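First the structure, in the form of C-alpha cells, and then the observations on it.
There are 2 protein chains.
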Amino acid sequence: MTLKTVAQQLGVSATTVSNAYNRPDQLSETRREEILAAAEALGYTGPDSRGRMLRTGRSGIVALLLADNLSYSLRDSVASELIAGVAEQLDQHDHSLMLLPGRLEEGAGSVDMADGVIVYGLHGDARRILKLLDDRPAVGIDIDLPGVPSVHIDNYRASLALTRHALRRPYRRVAIVGLRLTRAQQGLIDSEALLASELTVTRRRLDGVLQAFIEADIDPHSIALWNIDRNTHDGCVPTIAALLDQPLPARPDLLICLSDRIALTAIDLAERRGLKVPRDLRITGFDGIAEGQRRRPRLTTVRQDSTAKGRLAAAMLLDLGPRRSRTLETELLIGDSAP
Amino acid sequence: MTLKTVAQQLGVSATTVSNAYNRPDQLSETRREEILAAAEALGYTGPDSRGRMLRTGRSGIVALLLADNLSYSLRDSVASELIAGVAEQLDQHDHSLMLLPGRLEEGAGSVDMADGVIVYGLHGDARRILKLLDDRPAVGIDIDLPGVPSVHIDNYRASLALTRHALRRPYRRVAIVGLRLTRAQQGLIDSEALLASELTVTRRRLDGVLQAFIEADIDPHSIALWNIDRNTHDGCVPTIAALLDQPLPARPDLLICLSDRIALTAIDLAERRGLKVPRDLRITGFDGIAEGQRRRPRLTTVRQDSTAKGRLAAAMLLDLGPRRSRTLETELLIGDSAP
DNA sequence: CTGTTAGCGCATTCAA
DNA sequence: TTGAATGCGCTAACAG
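The listed protein sequences correspond, in order, to chains L and Z. Numbering (this note's numbering) for the first sequence: 1 to 339. Numbering (this note's numbering) for the second sequence: 340 to 678.
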C-alpha cells in the first residue's frame, strides 16, 4: 500500500494525497479529510519515511555515536544519563534516537541515515570520525573534533578542587585509581606507561589530582597509581581487591578514584573486609552518579550533569541554541566517604 | 558525491561502482580495488544507506518500542538492562538500534525505517500498535499481541514463591507496595480501584502475592495496598515515607515490594529512620537488579534476566532462533533483607 | 565482466 | 485547487 496506489483507488493524483498529509493549505478541508479517511480505511498508515527521507534528505533521526559498544554504554550510569538527556531533548522535538556503537565496522554506516550526529567520548582516529560525519551537522561531547562544536566540563579544575579538599586532612598513604589511563597495564602501573597514554577525560582528571599533590609539596611520582579497564562493578573488583589486600604499610588510607563506579566498588570491598569508611579509609570519586548519593556513606565526589550535557548537545544539533562550544559547571559534593 | 558522479568521474557505469562495493564476485579484483581507491580519493564514503534502503527495502535498523518515554526507560535498571541485551545482540549482527518512546505522536513514524520491531511492556491500545507495526516482523517482551511471538517470565509464579518464603517467618503487620496497579490513586489504595486496573506485569505479581496469603489463610482484603506511579527513587519516596511514618500499630514489619527499586528505596528510608532491616522491617523486592545485590543488606527478591529477555527477542527478530513465544526462568534470591 | 534500463516511495517543481 | 512529470541514490534484472 503506497501513496500511489491509494491515489489510484481514490481516483486522484498522488500529489493530492501527498498534499493531504503534508500541505493542508494546498487543498480544501473537506477534500483533505475525505482523502485521509479513505486512506485510513484502505489501511494506509501515511507516507513511508524511507521514500520521504530519500526525497527530502531528512529523516528526523539523530545518531549518537558512543565510545564503547552499546551494552557497555547502557550499563554505565554516566553514559546512560547522557543518553537520557539526549533522548529527552529529541523526544520533545519529534526526533528519533539511533544508538551507534563506537567501534563500528566499515560497513555499519547507518550514520548517513541521520540528520545529525552527536559524538560522545574518545574515539581513536579523529580523521576516521570526520570522514564518517561527512559534513553532516555534528556536536561533540567530551571530545574535540576540528570544526565541530562541543560540550565539555573542566575535568582538570574539578579534580584539582576535589583533591585539594581530600588533602586537607592528614593521611598516611594515598593511592589513585584511574580508568583507562593506559591500555598496556592493568592494576598497579608505572609513570612510564602513563606518559604514553592518550589525552582522555580521566587523564585530565589525573592531571588535576597530581597538581593538587604538587601544590601540597608531595612528589607525584611517590604515589601509587592503579589502572582499571572497565568502569563496571565487576571490572573494578580485581584491582581494588589487590589494592586493599596489601599488607598494612602499603595499604592506603586515602583513595582517589577517578570515577564514582570505582569509588563505590572500593566502598563495597572495603566494608566487606571490615574497614570502616571514612575512619579506616577515605575515598573520593568523580561523576556524582545517583547511586553514590543515595547509599551511605554518601560519596565525596564531583558532580557533573551528564543529562545536561546530552540535552545541550542535542539542542545545539537541533539548532535550538547557538552552535558554539560550551563548558558546563561542576559541583563539589562533600559526602561522608571523605569529609 | 554520489555513486553516479563517481562512476562518471571514473568513466565506468554506476553498476560497476555499485558492484565494487556490494558484489565483489562481479568484477575483477584489480578493477575493484582500482575503483574503490579512486572513489576513496574522490572523497566518496560508500553507497548512501538512504538510497540503498529504498531500493532493497532493508535498513539494518531494529526499532525498540518502549513503554515509557526514553529518558525514563534509560534510567530504569530493568529497562536499560533489557535495552543492553537487545543492543548486544544487534551489535553482533551488524544492526543498528533505534529507540522509540512509547507515546509516540501520530507523526513520529520512524518505525517504518526499521526492518523489525521489538515491543516492550504494556501499551494502551493493542490495535494502535499492530497498525504501527504494519506487518513488519515483530517480537513482544512482557506483552501479548495477536500474531506476535513474545518473551515472558512467569510473574505470578515467581511472586508466589517469593511471598511463600517471606511468610515462613511470623510477622505482625504486612503491606504491599505495587507499581502502577491503578492510575486513579497514589499511595494507599483500596481494592475497588484495583479491580478496575489493567492486567499489567505488576498486577500479575500482585496476584501471586495474594495467592500466597490465601494459602496461608489470610484474607487478602485485610492487607494494606499501596501504589506508586514511577519506578524511580524519587518517585517512590513520598509513598514509602508515608507508609513508614505511620504510628506503630499500623506501621508494617513486612513489606512486599513489587519491584527492586521500590524495595531499595524502602531500605534507604527505613534506615534513615533508625529502623534495622531485617530486624525491624523485612523487605522483599522483584527484578534482581545489580544494585540490590551489591549493597547491604542484600535484597531478597526474584531475579529475572532482563538482558536475556532482550537478547532473545532480538535473536528471534533476526531469525537466529525459532520465532515462538518463550517464558524464561526466574530465580529466587534469598538475601538479608528478608532471610 | 560491464553497461543499460527500470523503479523502490515520495515531494516538488511547473503547468493546467 | 489539482495533475503530470521529474529525480532523490541506489541495486537488480537483463542484455551485451
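Ideal Cβ positions, reconstructed from N, Cα and C, are used throughout, including at glycine. This one's a predicted model, so the numbers in the text were calculated from it and none came from an experiment.
- Taken in chain order, the complete alpha helix (DSSP H) segments of 4 or more residues contained in the stretch 144-195 of chain L are 155-166, 191-195.
- Listed along chain Z, the residues sitting closer than 7 Å to leucine 54 of chain L by beta-carbon distance are Arg389, Gly390, Leu393.
- Within a 10 Å sphere around the beta-carbon of aspartate 260 of chain L sit 16 or more other beta-carbons, which makes this residue buried.
- Proximity of isoleucine 83 of chain L to chain Z, defined by a Cβ-Cβ separation below 8 Å, is satisfied.
- According to the DSSP assignment, glycine 441 of chain Z belongs to no beta strand (DSSP E), since it is labelled neither H nor E.
- If you ignore the 5 residues before and after leucine 461 of chain Z, its C-beta comes within less than 8 Å of the C-beta of Ala406, Asp481, Ile482, Glu537, Thr539, Val540, all in its own chain and listed in chain order.
- Isoleucine 567 of chain Z and arginine 173 of chain L have their C-alpha atoms some 47 Å from each other.
- Of the candidates L:Glu329, L:Ser191, L:Tyr171, L:Ile129, the residue whose Cα lies closest to the Cα of alanine 308 of chain L is L:Glu329.
- Around aspartate 451 of chain Z, the beta-carbon contacts reaching into chain L at under 7 Å are Asp48, Ser49, Arg50.
- In its chain, beyond the 5 residues on either side, Leu342, Lys343, Ala346 have a beta carbon closer than 7 Å to the beta carbon of alanine 353 of chain Z.
- In the DSSP annotation of this structure, alanine 314 of chain L is not part of any beta strand (DSSP E); the continuous alpha helix (DSSP H) holding it starts and ends at 306-317.
- For threonine 45 of chain L, the nearest beta carbon of chain Z is closer than 8 Å to its own beta carbon.
- Closer than 8 Å to the CB of arginine 618 of chain Z there is not a single CB belonging to chain L.
- For glycine 455 of chain Z, the enclosing beta strand (DSSP E) starts and ends at 455-459.
- For glutamate 670 of chain Z, the beta-bridge partners assigned by DSSP are Z:Arg642.
- By the neighbour-count definition (other C-beta atoms within 10 Å, threshold 16), glutamine 26 of chain L is an exposed residue.
- Distance from the Cα of leucine 381 of chain Z is smallest, within the candidate group Z:Ile628, Z:Met340, Z:Ala605, for Z:Met340.
- Cβ contact annotation for proline 485 of chain Z (same chain, cutoff 8 Å, sequence separation greater than five): Ala465, Leu469, in chain order.
- Residues of the stretch 423-443 of chain Z with a C-beta less than 7 Å from any C-beta of chain L: Ala423, Ala426, Glu427, Asp430, Asp433, Ser435, Leu436, Met437, Leu438, Leu439, Pro440, listed in chain order.
- Among the residues facing chain Z, isoleucine 223 of chain L is not included, as its CB has no counterpart in that chain under 8 Å away.
- Bridge partners of threonine 623 of chain Z according to DSSP: Z:Ile595, Z:Thr639.
- The DSSP-derived three-state label of isoleucine 129 of chain L is helix.
- Within the stretch 59-74 of chain L, Ser59, Gly60, Ile61, Ala63, Asn69, Leu70, Ser71, Tyr72, Ser73, Leu74 place their CB atoms closer than 9 Å to a CB of chain Z, listed in sequence order.
- Spatial neighbours of serine 388 of chain Z in its own chain (CB-CB distance under 8 Å, excluding positions within 5 residues in sequence) are listed in chain order as Ser398, Gly399.
- Within the model, the alpha-carbon separation for leucine 281 of chain L versus leucine 656 of chain Z is close to 50 Å.
- The Cβ atoms of arginine 75 of chain L and threonine 232 of chain L sit closer than 8 Å to each other.
- Restricting attention to alpha helix (DSSP H) runs no shorter than 4 residues, the stretch 352-429 of chain Z encloses them at 353-361, 368-380, 388-395, 409-414, ordered along the chain.
- For aspartate 134 of chain L, the chain Z residues whose Cβ falls inside 7 Å of its Cβ are Thr384, in order along the chain.
- Residue pairing by DSSP places arginine 326 of chain L opposite L:Val151 in a beta bridge.
- Taking 9 Å as the upper bound on Cβ-Cβ separation, chain L lies near no residue of the stretch 515-526 of chain Z.
- Nearest C-alpha to glycine 288 of chain L among L:Ile267, L:Gly274, L:Gly140, L:Ala263: L:Ala263.
- For glutamate 630 of chain Z, the neighbours in chain L by C-beta distance under 7 Å run, in chain order, Glu291.
- Using a CB distance below 9 Å, the part of the stretch 122-155 of chain L facing chain Z consists of Lys131, Leu132, Asp134, ordered along the chain.
- Around the C-beta of proline 47 of chain L, 16 or more other C-beta atoms lie within 10 Å, and the residue is accordingly described as buried.
- DSSP places leucine 582 of chain Z in the uninterrupted alpha helix (DSSP H) bounded by 572-583.
- The C-alpha of glutamate 271 of chain L is placed about 22 Å away from the C-alpha of leucine 225 of chain L.
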